[in-house]
Amino acid sequence: MTEDISRNKAREKYGFKSNLGNNQKGDGYKYRGRGILQLTGRDVYTRFSQYYNDYVNPDADFVTNPGKVASSLKVAVISGLWYYSHKVMHNVDIGSQTSSKTITKQINPGAGKAEVHKRKKKFDKVKKNITDCQ
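The numbering of the sequence shown is our numbering, which starts it at 3 and goes up by one.
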């Protein structure tokens, strides 16, 4: 039952979204968010697969087997670091004044106010914990 609900939500939200490269029936669910930064869409899975093939394992195929992005902590972390590098580091001059909203909008351009606020609270908590460790 839960699997059906998730599949329907992914299909509705990400179905035939051309900006995600989802152009075949089932792509919305097949290329739903996975990894620590939730890779989403056929295009992103294709680009990550190419990167992973070039630098980590030439035999990995995350387009044919997108579930493998979440198959191990190593792949999930590498996917997140790759995504952050390409979506944030190449697009934002990050400094002490960079807001969590700026970063959130790079990672998820469709994030609404509630999502931005939620991420800011998490960022502030992490920042405080890091500061407390010094």
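Just so it is clear, CB atoms sit at the ideal spot from N, CA and C, and this is done for glycine as well. Just so it is clear, the structure is predicted and the values come from calculations on it, not from any experiment.
Setting aside the 5 residues that flank it on each side, Ala72 is surrounded in the same chain by Arg36, Gly37 and Ala78, each with a C-beta closer than 8 Å to its C-beta; the list follows chain order.
In this structure, Ser74 and Phe64 do not form a Cβ contact; the two beta carbons are roughly 12 Å apart against a cut-off of 8 Å. When DSSP states are grouped into helix, strand and coil, Arg34 belongs to the coil group. Straight through space, the alpha carbons of Arg49 and Asp126 are spaced by roughly 31 Å. Straight across, the Cα-Cα distance linking Lys76 with Lys123 is about 27 Å. If you draw a 10 Å sphere on the C-beta of Ile132, you find fewer than 16 other C-beta atoms in it, and that means exposed. A check of alpha carbon separations from Arg34 across Ser101, Gly69, Lys129 and Met91 identifies Gly69 as the nearest. With respect to the C-alpha of Thr42, the residue from Arg121, Pro111, Ala116 and Val128 having the closest C-alpha is Pro111. Around the beta carbon of Ser81, a 10 Å sphere encloses 16 or more other beta carbons of the protein chains shown; the residue is thus reported as buried. Burial check for Val128: the Cβ neighbour count within 10 Å stays below 16, so the residue is exposed.
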